[in-house]
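Down below is the structure, laid out as structure tokens.
In mature numbering (1 follows the signal peptide of the UniProt record, and there is no 0), the protein residues as written are -21 to -1, 1 to 489.
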């Protein structure tokens, strides 16, 4: 029968340890547990929050651990998504070889005691634990470890773990009782992994949340039992949050938000926000600051654009809705949180396939035209004659390209004359460009083309943006390993116009 007392948070201790009680150190332990052999629970981590609190965590991705939200709560307040409010670090690995990394970002759940913590870099040589995808059966056994005291030691030297029997489960928790002896999670065990063995391999079922702390050093409590937070039903959420954002190059865009000519970095975060980093340094190995601001919410990467519609140099926010209507928000404030004016305008209709919608300035008046890739892969353009307004396009349209497939072409200014060139990737991974010499007109391109890039069999990884404000688009490749590679356009419209590659590290992205 379920121990209903484990549901009463006011009477059951949240098992977060204070650093002072641990002598400034963190260790893995459970009262009544036994030391585990070397090499087991390698994924278990120790969390130190500002030298004031300590918890356990489990590595679930190379740069992410999962633990108890209570570990990061300040004065009992809910944990917010974003950088932690107090410094925190995570140690993982044997004590003599432990890697200690800074926590850079938190993603909590609101309905249960769980938070994902991003680390400053990936953990090497440790395999993240897999997430079990089934709730544990009543009567089954889970093996639990935790960071904290045991029944005899404040700071045990080795990892301790104990077996528990599942008493009951509900939508978000698991009630446990010690399988043998008097073993409860202790101070410092919050976030500790509760592990099931599946086909001989450990899989994470839950993490420690609350305990009576029966048998823990300096605790006088006769009641026993623990409550784990379920994570078996969070596998898809964990994967969505921890998959490197840059593994999906569609989640990275560039746009000039403040009109200084230098493109900001925009990233589509897993929480549905679009966050921007200001371009402080032009074309360099570190053009963008590390701090980001939220510039949009509910803007899916595959349905949104940022383009200057009124010629003031500041990109508007544009979204294509499911019904094919395209809405735009005017950028009236430049680089700031949510810089858009309140009202939106419908600037297009009938764009039901967002992959076929594009924006670019074809005639050099600084106002972006709207382009549509048709079913036959021809490209139709409508001239922007009104700026930011409802349906600002000239009534007539022109065909500006043929055999340009969605996701395999770009329109961007390579030579700085204000008129966008046409670029497309070829079957061999090379990128060819056609020079725009006529502005807004049918097929405005010079007859000859230039090869401007090579080695891009996946064109989604290649972007074009003016990083230094010289009006010529630079080339940027999005790599999945938290870096960008950028090539400065030093020659304008020419065969391979780029200077030497520069690597831009962006480790603080999710």
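All C-beta atoms in this analysis are idealised placements derived from N, C-alpha and C, irrespective of residue type, glycine included.
{"Query": "Just to confirm the assignment, what range does the alpha helix (DSSP H) spanning residue 216 have?", "Result": "214 to 221"}
{"Query": "Out of 139, 297, 432, 397, state which residue places its alpha-carbon closest to the alpha-carbon of residue 412.", "Result": "432"}
{"Query": "Between the C-alpha atoms of residue 47 and residue 342, what's the straight-line distance to the nearest angstrom?", "Result": "56 Å"}
{"Query": "Among all the DSSP beta bridges, which residues are the ones paired with residue 453?", "Result": "444"}
{"Query": "For residue 403, which option in 397, 390, 415 has the closest C-alpha, if you only look at C-alpha atoms?", "Result": "390"}
{"Query": "DSSP has residue 42 in a bridge; who is on the other side?", "Result": "Note: residue 42 sits in no beta bridge, so no partner."}
{"Query": "Are the Cβ atoms of residue 253 and residue 278 separated by less than 8 Å?", "Result": "yes"}
{"Query": "Closer than 6 Å by C-beta to residue 381: which residues in its own chain qualify, once you throw out the five before and the five after it? Chain order, please.", "Result": "357"}
{"Query": "Can you name the residues that DSSP bridges to residue 337?", "Result": "350"}
{"Query": "Are residue 49 and residue 169 close, meaning C-beta to C-beta below 8 Å?", "Result": "yes"}
{"Query": "In chain order, what residues of the same chain have a beta carbon less than 6 Å from the beta carbon of residue 487, not counting five sequence neighbours either side?", "Result": "83, 269"}
{"Query": "Assign residue 140 to one of two classes, buried (16 or more other C-beta atoms within 10 Å of its C-beta) or exposed (fewer than that).", "Result": "buried"}
{"Query": "Taking DSSP as the reference, what is the three-state secondary structure of residue 488?", "Result": "coil"}
{"Query": "So that I know if they touch, is there some Cβ in chain E lying closer than 8 Å to that of residue 151?", "Result": "Reference to chain E is not applicable here, since this structure consists of a single protein chain."}
{"Query": "Under a Cβ-count criterion, where at least 16 other Cβ atoms within 10 Å of its own Cβ denotes burial, should residue 7 be classed as buried or exposed?", "Result": "With a pLDDT of 40 at residue 7, under the threshold of 50, the modelled position of that residue is not reliable, and no figure is offered here."}
{"Query": "DSSP beta-bridge partners for residue 253?", "Result": "247, 275"}
{"Query": "What separation, rounded to the nearest whole angstrom, lies between the Cα atoms of residue 336 and residue 385?", "Result": "9 Å"}
{"Query": "Taking 8 Å as the threshold, find out whether the region 218 to 228 comes into contact with the region 151 to 159 through three or more Cβ pairs.", "Result": "no"}
{"Query": "By a C-beta neighbour count over all protein chains shown, 10 Å radius and 16 as the cutoff for buried, is residue 180 buried or exposed?", "Result": "exposed"}
{"Query": "According to DSSP, what are the bridge partners of residue 98?", "Result": "82"}
{"Query": "For residue 148 versus residue 172, is the C-beta distance shorter than 8 Å?", "Result": "no"}
{"Query": "Spell out the partners DSSP gives residue 143 in its beta bridges.", "Result": "121, 157"}
{"Query": "Any idea what DSSP makes of residue 48, helix, strand or coil?", "Result": "helix"}
{"Query": "May I ask you to list the residues that DSSP assigns as paired with residue 400?", "Result": "391"}
{"Query": "Which value, in whole angstroms, describes the spacing of the CA atoms of residue 256 and residue 420?", "Result": "36 Å"}
{"Query": "Cβ of residue 185 within 8 Å of Cβ of residue 144?", "Result": "no"}
{"Query": "From the DSSP secondary-structure annotation, give me the bridge partner or partners of residue 295.", "Result": "286"}
{"Query": "By how many angstroms is the C-alpha of residue 409 removed from the C-alpha of residue 474?", "Result": "12 Å"}
{"Query": "Say whether the region 226 to 243 touches the region 297 to 316, bearing in mind that this needs 3 or more beta-carbon pairs closer than 8 Å, one atom from each stretch.", "Result": "yes"}
{"Query": "Which whole-angstrom value is the C-beta distance of residue 104 and residue 67, which I expect to be below 8 Å?", "Result": "Wrong, their Cβ atoms sit about 22 Å apart, outside the cutoff."}
{"Query": "Find the nearest neighbour of residue 294 within the set 417, 367, 62, judged by alpha-carbon distance.", "Result": "367"}
{"Query": "To the nearest angstrom, report how far apart residue 453 and residue 353 are at their CA atoms.", "Result": "28 Å"}
{"Query": "Leaving aside the five residues before and after residue 91 along the sequence, list all residues of the same chain whose C-beta is less than 6 Å from its C-beta, in chain order.", "Result": "151, 208"}
{"Query": "Buried or exposed: which applies to residue 440, given that a residue is buried once 16 or more other Cβ atoms fall within 10 Å of its Cβ?", "Result": "buried"}
{"Query": "What does a CB cutoff of less than 7 Å around residue 434 pick up in its chain, not counting 5 residues either side in sequence?", "Result": "408"}
{"Query": "Using C-beta distances below 8 Å, list every residue in its chain close to residue 485, excluding the 5 sequence neighbours before and after it, in chain order.", "Result": "225, 244, 267, 461, 462, 463"}
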